[in-house]
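Input: a single structure, listed below in C-alpha cells.
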Amino acid sequence: MANAALKLPSRSAEGSGEGSAKSTAASTGSPTTTRTASGRPQLRRPIKTRLDHAAEQAFLTALSATANIRLSAAAAGFSHSAFYARRKASPAFAREMRLALEAGYEQVESALLAGSLPGAHDHDAWRHNDPPPIPPMTANQALQLLHLHNRTVHLQCEPDHIRRRRGESSEAHSYRLSAMYEARQARAREDFDLAEAARNERGEPTLTNPYPEPSPIRLPALDQVTGWSKADPTKVPHDPSVALFGGWRLKGWK
189 MANAALKLPS RSAEGSGEGS AKSTAASTGS PTTTRTASGR PQLRRPIKTR
239 LDHAAEQAFL TALSATANIR LSAAAAGFSH SAFYARRKAS PAFAREMRLA
289 LEAGYEQVES ALLAGSLPGA HDHDAWRHND PPPIPPMTAN QALQLLHLHN
339 RTVHLQCEPD HIRRRRGESS EAHSYRLSAM YEARQARARE DFDLAEAARN
389 ERGEPTLTNP YPEPSPIRLP ALDQVTGWSK ADPTKVPHDP SVALFGGWRL
439 KGWK
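Position 188 (the sequence shown) corresponds to 376 in this note's numbering; numbering is contiguous.
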C-alpha cells in the first residue's frame, strides 16, 4: 500500500540508472521518492540535468569555432569538468573533442593571420583622413625632428638586436648587413602588399589577379522600358496591308 501510494520506482530501474524520458523529466522538476539500500522509501531533491547527446554536440560545435573549452561548456549549459569527465570515460567523445579543438585552433589561427594582412584594413583608418595641421615649431625644431627620424624613414636604422657593439667581429658585421637587407626587403614587400590590397579594392589588375572580372552590366527589365518609341498611342492601328516601317508598297506584284 505504501509503495503504491508513493509510486516508488522499481529497483531494477534504479540500479541501471536508466529510465524513460517522462520519468527523467519528472525527476528534474519536483522531488522524487526512491529506495535506500535498506529498502526504506526516501524523498530526494530533483537531480540536475544530465549530459546528453544534444549537450555534447552543442559543446563540440562551440569548441570548433572558439577553441575555448570553458566558453564552449558554458554555451552548452554545463561545467567544463563535466566534459573532461566525459572525454575520459568515452573514447568516441575524446576523438570528437580532439577534432573539434583542432578545427577551432585553425579558425582562431586563420582569423589572427587575416587580421594582420594589409587587406584586413583593421589599423589603417587614419590613412583615410586628412592629417591635422602641423603645430607651430621653429626651423631648428623641424630640422631636429627630421634628423631623429631620418634613418627610420629611409630604412637606414639598424634593428635593435643587431646594433653595433664595441669589439664586434667581421662575421657579426656581415650578419648585421644581411639582416638589414632582409628587413628592407620585408618592408618593400609590405608596401607592395598594401598597394596590391588597394588595387584589389578598386577592381584594378593585381599580381595574383591580372585579369579581374569586369563589373556586370545592370539593365532594367526590358519589357518595362518606355519612352523609346515615337509611335502615337492615340492613333488607330495601321492597315495590315501597309508596311509598318515604310518602304516600297508594290500593289499587284506577281
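We treat Cβ as the ideally placed atom computed from N, Cα and C, and that holds for glycine.
If you compare the alpha carbons of P323, G265, R353, I257 with that of L287, the shortest gap goes to I257.
Annotated three-state conformation of R232 is strand, per DSSP. Taking C-beta atoms as the reference points, A243 and F266 count as a pair closer than 8 Å. Considering only L343, G307, D318, S260, the residue with the shortest C-alpha distance to R375 is L343. R223 has P229 as its beta-bridge partners, per DSSP. Contact between D240 and P306 is ruled out by a C-beta separation of about 47 Å, above the 8 Å threshold. Residue range 279-304 is occupied by the alpha helix (DSSP H) that includes P279. The beta carbon of T396 is closer than 8 Å to those of E384 in its chain, skipping five residues each way along the sequence. Contact check for R233 against T222 fails: the beta carbons are separated by 8 Å or more.
If you draw a 10 Å sphere on the C-beta of L333, you find fewer than 16 other C-beta atoms in it, and that means exposed. When DSSP states are grouped into helix, strand and coil, Y399 belongs to the coil group.
Under the three-state reduction of DSSP, Q344 is assigned to coil, being neither helix nor strand. Annotation for D379: the continuous alpha helix (DSSP H) segment containing it runs 358-390. Taking all protein chains in view, the Cβ of A280 is surrounded by fewer than 16 other Cβ atoms within 10 Å, so the residue is classified as exposed. Taking a contact as a CB-CB distance under 8 Å, the pair L251 and L300 does not count as one, their CB atoms being some 17 Å apart. By the beta-carbon neighbour count (other beta carbons within 10 angstroms, threshold 16), L336 is exposed. Between P398 and G391 the beta-carbon gap is near 13 Å, outside 8 Å, which marks them as no contact. CA-CA distance, V413 to R406, rounds to 14 Å.
Between E297 and H311, the alpha-carbon positions lie close to 19 Å from each other.
With a threshold of 16 other beta carbon atoms within 10 Å, A273 falls short and is exposed. Between A282 and A264, the beta carbon gap of about 17 Å keeps them out of contact (Cβ cut-off 8 Å). Around the Cβ of S260, a 10 Å sphere holds 16 or more other Cβ atoms; the residue is buried. Apart from the 5 residues on each side of it in sequence, L248 sits with its Cβ closer than 6 Å to the Cβ of E284, A288 in its chain, given in chain order.
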